[in-house]
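Undergrad: Residue numbers (this note's numbering): 59 to 492.
Every residue gets a Cβ at the ideal spot worked out from N, C-alpha and C, and that includes glycine.
Take a look at this one; I'll ask things after.
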Ligand code: DLL
């Protein structure tokens, strides 16, 4: 049997001691935050006396921090240490406006590596594993974040980064890769290329994939697991809270443990900001209570999820969050109906004839919104019988209609017709004029 815990004492700490630890770390983080230009002003403006924060609930007295606050304090308005204490920076993959920069001290980097090792061990990974990291190395946190954790654990790490699919496959074969870290969209492309090269994915040494950095449905997870014959574990994180390692599934695969000695978790109503009880769905708000260089208090992630209130059979006492449903800002409105891309993905990935790539295109024709769904077929299911294809199109359209109450136009495509994703996939293309 492999190792079960990386840090058993902390991972299984009783709730009362865990909350006590959180409060101590919160107080230290608030003191550190008050040294930064940004939070000094926030605390002054709101008249909050940080010494009066004597319970976790008191945290609600403090205002939320947004991505825009990070942008406005670019580059270093939230830094709590001397420049010479900082050893690394990453930046978020923001598509609009200025990117947000995150700084780390040496201790922050070490703590992060430790946290990632904890995540990997929770899925049964050991120093015997060969870990191929197919996430971008660079300003993005996915590459270096998992890299240091896997080294800390003692795996053989292959820093292959994204893209260059033939090379990835060769590395997997030559070095007997057992664990990969990959976006779900790229893993669906990779498996197609593996098959195109007459390799049976089940013959590879691969045992697990860590999939994350973008929303995906349970149906997509199952699809990845079936196509490779492996276990796929959901991995969630965001640069503002270090990067990957914030929240990870254990072998139970029933939600992601969020490491509460590093983060205080709240779920709020995204419209009112009110904190919701455990179990209710809303926007995830995180406070980093274990970072020297850049403490961030009550950060609005924009990600929608809920806290799973029950305890996990694995023995870890840190609570779990449910798979991210989407971002408050990736919801689109079509003909007045609110739709999350994940709802459509879920429908598509449950249809066996549907292949590994799809795209949602929003158009406006004669002042009416049109939902257009382009779907690649799974080659083995594709026989070219027109009647059958029309029936399939109608089935998919009907399933989508009953889920999102909008009538879509479905277009079936041959595998490989849509642009493949090597990192975070672009799923929605909105051609409507504002
Ligand atoms: O994507 C960090 C990461 C790298 C996580 C590798 C997991 C694996 P950012 O580029 O700052 O950081 O993007 C963070 O991506 O707020 C979510 O909206 C989304 N996201 C990340 N992981 C998941 C996931 C990295 N497992 C943003 N499920 C987050 C759904 C995810 N969405």
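1. What do you get for residue 413, buried or exposed, if any count of 16 or more other CB atoms within 10 angstroms of its CB means buried?
2. Taking its Cβ as the centre, do 16 or more other Cβ atoms sit within 10 Å of residue 395, making it buried, or is it exposed?
3. What are the start and end residues of the alpha helix (DSSP H) that includes residue 347?
4. Keeping to the same chain, check which residues put their C-beta closer than 6 Å to that of residue 90; ignore five residues upstream and five downstream.
5. Is the Cβ-Cβ distance between residue 329 and residue 479 less than 8 Å?
6. Measuring from the CB of residue 272, is there a heavy atom of ligand 1 at a distance below 7 Å?
7. When you compare the CB positions of residue 280 and residue 236, do they come within less than 8 Å of one another, or not?
8. Between the C-alpha atoms of residue 509 and residue 326, what's the straight-line distance to the nearest angstrom?
9. Please return the same chain residues whose Cβ sits closer than 6 Å to the Cβ of residue 97, not counting the five positions on each side in sequence.
10. Between the beta-carbon of residue 310 and the beta-carbon of residue 213, is there less than 8 Å?
11. CB of residue 246 to nearest heavy atom of ligand 1: below 7 Å?
12. So, are the CB atoms of residue 73 and residue 278 less than 8 Å apart?
13. Mind pulling the beta strand (DSSP E) runs of 3 or more residues that sit fully within the stretch 205-277?
14. Just the C-alpha distance for residue 252 and residue 259, rounded to the nearest angstrom, thanks.
15. Specify the secondary structure class of residue 303 as computed by DSSP and reduced to three states.
16. Is residue 395 helix, strand or coil by DSSP?
17. Taking 6 Å as the limit between beta carbons, can you name the residues of its chain near residue 468, skipping five residues before and five after?
18. Do residue 290 and residue 193 have their CB atoms nearer than 8 Å?
19. Would you call residue 288 buried or exposed, if buried means 16 or more other Cβ atoms sit within 10 Å of its Cβ?
20. Report yes or no: do the stretch 120-127 and the stretch 353-365 share at least 3 C-beta pairs separated by less than 8 Å?
21. Looking only at its own chain, which residues have a Cβ that is under 6 Å from the Cβ of residue 131, when we skip the five neighbours before and after it?
22. How would you label residue 136, buried or exposed, when you count the other beta carbons within 10 angstroms and need 16 or more for buried?
23. Cβ of residue 359 versus every heavy atom of ligand 1: is any distance shorter than 7 Å?
24. Distance, Cα to Cα, residue 84 vs residue 322?
25. At the level of alpha carbons, what is the spacing between residue 427 and residue 419?
26. Mapping DSSP to helix, strand and coil, what is residue 462?
27. Hey, how far is the Cα of residue 301 from the Cα of residue 199?
28. Between the C-alpha atoms of residue 332 and residue 474, what's the straight-line distance to the nearest angstrom?
29. With DSSP as the reference, label residue 128 as helix, strand or coil.
30. Following a CB-centred definition, is residue 217 positioned closer than 7 Å to any heavy atom of ligand 1?
TA: Working from what's here:
1. Within a 10 Å sphere around the beta-carbon of residue 413 sit 16 or more other beta-carbons, which makes this residue buried.
2. Here residue 395 is exposed. Its C-beta has fewer than 16 other C-beta atoms within 10 Å.
3. Run containing residue 347: none; DSSP gives neither H nor E here.
4. So the qualifying residues of the chain are 138 and 353.
5. Cβ atoms of residue 329 and residue 479: not closer than 8 Å.
6. Proximity of the beta carbon of residue 272 to ligand 1 is indicated: a heavy atom of the ligand is located closer than 7 Å.
7. With a cutoff of 8 Å on beta-carbon distance, residue 280 and residue 236 are scored as not near each other.
8. Because the chain here runs from 59 to 492, residue 509 falls outside it and cannot be looked at.
9. Residues 91 of the same chain have their beta carbon placed closer than 6 Å to that of residue 97, with the five preceding and five following residues left out of the count.
10. No, Cβ-Cβ distance for residue 310 and residue 213 is not below 8 Å.
11. No - ligand 1 has no heavy atom lying nearer than 7 Å to the Cβ of residue 246.
12. No, these two residues do not count as a Cβ contact at 8 Å.
13. Runs found: 214-216, 237-240 and 266-270.
14. Roughly 7 Å separates the two Cα atoms.
15. Reduced to three states, the DSSP call for residue 303 is strand.
16. Strand, per DSSP.
17. The residues are 431, 451, 454 and 455.
18. No, the Cβ-Cβ distance between residue 290 and residue 193 is not below 8 Å.
19. So residue 288 counts as buried.
20. Of all C-beta pairs linking the stretch 120-127 to the stretch 353-365, three or more are shorter than 8 Å, placing the two stretches in contact.
21. For residue 131, where only same-chain residues beyond five positions count, the Cβ hits under 6 Å are 96.
22. Buried.
23. Within the cutoff, so yes.
24. Each residue's alpha carbon lies about 8 Å from the other.
25. Approximately 11 Å between the Cα atoms of the pair.
26. It is helical.
27. Distance between the alpha carbons of residue 301 and residue 199: 5 Å.
28. The alpha-carbon atoms of residue 332 and residue 474 are separated by roughly 45 Å.
29. Of the three classes helix, strand and coil, the one that applies to residue 128 here is helix, per DSSP.
30. Checking the Cβ of residue 217 against ligand 1 gives no.
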